[in-house]
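Student: Here's a structure for you.
In my numbering, the protein residues as written are 3 to 396.
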């Protein structure tokens, strides 16, 4: 055990980090390994891979650096998080743009970069750093109304959405836009912005439906299953029905043998068939706990940047979880989005570890004097009286 009296870096981290959040994330990782053991052997067999546990081994291999990233990032201060996020945002925005030129085309989209033996999806790493930069801009607009923080945030969104649409990756575009919109709402957007942004979003969706064939097919298949091939969705629904409340038992699932993306996008359906609706409810409750716990911690923080950043990261995590589970249940069109820490995928796992590491860092208990001192330093540097300790306690 680590004593409270120890003044080491690790000791201070252990007694200030939110251990319930850390435990919930660890539980999701363990569930991911268990479900990988259930879902990936049939996929390996269909692909002609000799080792039935090929994807399981790779998931564990990715999990080790993900844990290092998660824990290492959770040691950072809010100031360090802003700096790291800015560097990574610029780096991965450049890589996302590079996919348009150098990325291999897969199913009509260019979302990946092959760097030696590693296949990297830069947009996964762009999301958490984007949230931090957007949170900083919105917090500055609240702290200093004369600063055009909201307009800068609009430009930031445009710089991210444009290359994502060109890939095209409408799932990630929708996700980052929803999180950005949530942060804008928290920052106190005016009604004219609500109407304007809603109109832009509706127009964008209509244009995507009219001009992008695979978007048209997915929406048409969702609205009218008879209009196209719904093979994978039908198998997912059959998995839920076959699993019932308690499931068929580990290794006893049948529909997973035919489910093409059973180890990635549709791993929730595999969980339902083998372990039943009970496990699915437990997984959903874990996601809900993480989001609500983070939002609760954000509400009580005095630093506007921390409030916005924690809320944004929680929304990003929660919305991605909801989208994946809703697609599995045929409650929305297919998006090709992983279930956080549960689905197989190296880029997804590492980027989620980075995002949740920042969440753990920002929700760590900090002495009130330290928080006020940071606000005072920031206010002095910016010349804003609203950032002084007296204003913060008012």
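All C-beta atoms in this analysis are idealised placements derived from N, C-alpha and C, irrespective of residue type, glycine included.
1) Are residue 317 and residue 344 closer than 9 Å when you measure CB to CB?
2) Say whether the region 68 to 88 touches the region 127 to 136, bearing in mind that this needs 3 or more beta-carbon pairs closer than 8 Å, one atom from each stretch.
3) Anyone know if the C-beta pair for residue 327 and residue 282 falls short of 9 Å?
4) Just to check, is the beta-carbon of residue 293 closer than 8 Å to a non-hydrogen atom of the ligand FMN?
5) How big is the Cα-Cα spacing for residue 319 and residue 114?
6) Kindly confirm or deny that the region 262 to 272 and the region 39 to 46 touch, where touching means at least three C-beta pairs closer than 8 Å.
7) Less than 8 Å between the CB atoms is what I'm expecting for residue 234 and residue 261, so what's the real figure, rounded?
8) Give a yes or no on contact between the region 201 to 213 and the region 232 to 250, applying the rule of three or more CB pairs nearer than 8 Å.
9) When you compare only the Cα positions, how much space is there between residue 348 and residue 141?
10) Residues in its own chain within less than 7 Å of residue 291 by CB, not counting five upstream and five downstream?
11) Which same chain residues end up closer than 6 Å to residue 355 when comparing Cβ atoms and leaving out the 5 residues on each side of it in sequence?
12) Looking only at DSSP bridge pairs, what is residue 120 linked to?
13) Report back the beta-carbon spacing between residue 337 and residue 173 to the nearest angstrom; my notes put them in contact at under 8 Å.
14) DSSP on residue 214, reduced to helix/strand/coil?
15) Is it true that the region 123 to 132 meets the region 295 to 303, where meeting means three or more beta-carbon pairs spaced less than 8 Å apart?
16) Measure the C-alpha to C-alpha separation of residue 223 and residue 333 and round it to an integer number of angstroms.
17) Is it right to say residue 367 is buried, meaning 16 or more other beta carbons lie within 10 angstroms of its own, or is it exposed?
18) Beta-carbon separation of residue 185 and residue 77 under 9 Å?
19) Would the beta-carbon of residue 273 fall within 9 Å of that of residue 285?
20) Less than 8 Å between C-beta atoms, sequence neighbours within five positions excluded: which residues of the same chain meet that for residue 11?
21) Per the DSSP calculation, residue 344 is bridged to which residue(s)?
Tutor: The answer reads as follows:
1) With respect to the 9 Å criterion, residue 317 and residue 344 are not classified as neighbours on the basis of their beta carbons.
2) Look at the beta carbons and you see the region 68 to 88 touching the region 127 to 136: at least three pairs across the two are nearer than 8 Å.
3) For the 9 Å CB-CB criterion, residue 327 and residue 282 form a contact.
4) The ligand FMN is not part of this structure, which contains no ligands at all.
5) A direct Cα-to-Cα measurement between residue 319 and residue 114 gives close to 21 Å.
6) With a cut-off of 8 Å, the region 39 to 46 and the region 262 to 272 count as touching, because enough Cβ pairs lie within range.
7) Indeed they touch by this definition, with Cβ atoms about 7 Å apart.
8) Not touching, per the Cβ criterion.
9) Going by the C-alpha atoms only, they are around 32 Å apart.
10) Apart from the 5 residues on each side of it in sequence, residue 291 sits with its Cβ closer than 7 Å to the Cβ of 26 in its chain, given in chain order.
11) Cβ contact annotation for residue 355 (same chain, cutoff 6 Å, sequence separation greater than five): 68, 71, 72, in chain order.
12) DSSP output for residue 120 lists 117 as bridge partner(s).
13) Between residue 173 and residue 337 the Cβ distance is about 4 Å, and since that is below 8 Å, they are a contact.
14) Residue 214 sits in coil when the DSSP states are folded into three classes, being neither helix nor strand.
15) Touching, no.
16) Distance between the alpha carbons of residue 223 and residue 333 is about 12 Å.
17) Flag for residue 367 reads exposed.
18) It is not a contact, given that the beta carbons lie outside the stated cut-off.
19) In contact: residue 273 and residue 285 (Cβ atoms closer than 9 Å).
20) Cβ neighbours of residue 11 beyond the five flanking positions: 77.
21) Beta-bridge partners assigned by DSSP to residue 344: none are found.
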